[in-house]
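Student: One structure coming up, written as structure tokens, with questions to follow.
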Amino acid sequence: MACAGLLAVCLLRPPAPRPPRRPEPTPDAGPAGHALFQDVNDGKLSFEEFQNYFADGVLSPGELRELFSGIDGHFTDNLETEKLCDYFSEHLGVYRPVLAALESLNRAVLTAMDATKLEYEQASKVDQFVTRFLLRETVSQLQALQSSLEGASDTLEAQARGARPTLRARPTLCVPHRPPG
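Residue numbers (the UniProt record's numbering): 1 to 181.
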């Protein structure tokens, strides 16, 4: 299973007690984004795989090694993905409902896209127009959300590096002041 898929599956499940191992879903069965951890086919991550994915330019390689070893606990240089899941599951906090909502949103969008693929060509011109409008509106809403998330992420990364965050220019609405009366 790809790492992103693994994280999506494991981040939303409660941590301990450990349930019996379930077979991993196939990448096609889960939400999009499963390709991030493509090399996690054996249920384990080497430190190199861990570092390639998690290196953010803030934690040093030594700090990443310390994190990896702290999660691993066995110092085997092969971190079991189950332990990685447990680690992140314990730290989800306010992101648990966000990730759950994203998983639901992904399923809903894929369902809508499948229905569109099947029905669009046979639909009337007006129904096709409505479908195109709704798709553009969905894209617009997702892009606005992505922009907000990127701004927050950029700010946190800049703070972590000790730099001043650069503010992205945002359009402002100038409303002339009208005297009362």
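No residue lacks a Cβ here, since even glycine has one placed at the ideal position from N, Cα and C. Quantities reported herein were computed from a predicted structural model and do not represent experimental measurements.
Between the beta-carbon of I71 and the beta-carbon of Y87, is there less than 7 Å?
Tutor: For I71 and Y87, yes; Cβs fall inside 7 Å.
Student: Taking the C-alpha atoms as reference points, what is the distance between T155 and D42?
Tutor: Roughly 36 Å separates the two Cα atoms.
Student: Which first and last residues belong to the beta strand (DSSP E) in which S124 is found?
Tutor: Looking at the DSSP string, S124 is not in any beta strand (DSSP E), and its letter there is neither H nor E.
Student: I'd like the span of the alpha helix (DSSP H) that includes S69, first residue to last.
Tutor: Taken as a continuous stretch (DSSP letters only), the alpha helix (DSSP H) holding S69 covers P61 to D72.
Student: Going by beta-carbon coordinates alone, are V58 and A160 separated by less than 7 Å?
Tutor: Cβ atoms of V58 and A160: closer than 7 Å.
Student: Output needed for A29: all residues of its chain with C-beta closer than 7 Å, excluding positions within five of it in sequence on either side, in chain order.
Tutor: Low local confidence applies: a pLDDT of 39 at A29 is under 50, so the model's placement there is unreliable, and no value is given.
Student: How is L79 classed by DSSP in three states: helix, strand or coil?
Tutor: Correct three-state label for L79: strand.
Student: Label L134 either buried or exposed according to how many other C-beta atoms from any shown protein chain fall within 10 Å of its C-beta, with 16 as the threshold for buried.
Tutor: It is exposed - the Cβ of L134 has fewer than 16 other Cβ atoms within 10 Å.
Student: With the cut-off set at 7 Å, would you say T116 and T138 are in Cβ contact?
Tutor: No, Cβ-Cβ distance for T116 and T138 is not below 7 Å.
Student: For F68, which residues from the same chain have a beta carbon less than 7 Å from its beta carbon, with the 5 sequence-adjacent residues on both sides left out?
Tutor: For F68, where only same-chain residues beyond five positions count, the Cβ hits under 7 Å are F47, F50 and L79.
Student: Drop a sphere of 10 angstroms on the beta-carbon of T76, count the other beta-carbons inside from all chains shown, and report buried for 16 or more, exposed for fewer.
Tutor: Result: exposed.
Student: Decide if R22 is buried, meaning its Cβ has at least 16 other Cβ atoms within 10 Å, or exposed.
Tutor: With a pLDDT of only 38 at R22, under 50, the local geometry of the prediction cannot be trusted, and the value read off the model is given with reservation. So R22 ends up on the exposed side.
Student: Taking the C-alpha atoms as reference points, what is the distance between E150 and L110?
Tutor: Looking at the two C-alpha atoms, the distance is approximately 23 Å.
Student: Can you grab the Cα-Cα spacing for the pair S124 / D114, in whole Å?
Tutor: If you take the alpha carbons of S124 and D114, they lie about 18 Å apart.
Student: Bridge partners of K117, per DSSP?
Tutor: BP columns for K117 are empty, so no partner.
Student: Measuring only the C-alpha atoms, how far is P15 from E103?
Tutor: Bear in mind that a pLDDT of 45 at P15, under 50, signals an unreliable position, so the number given afterwards is only what the model happens to contain. Straight-line Cα distance between these residues: approximately 18 Å.
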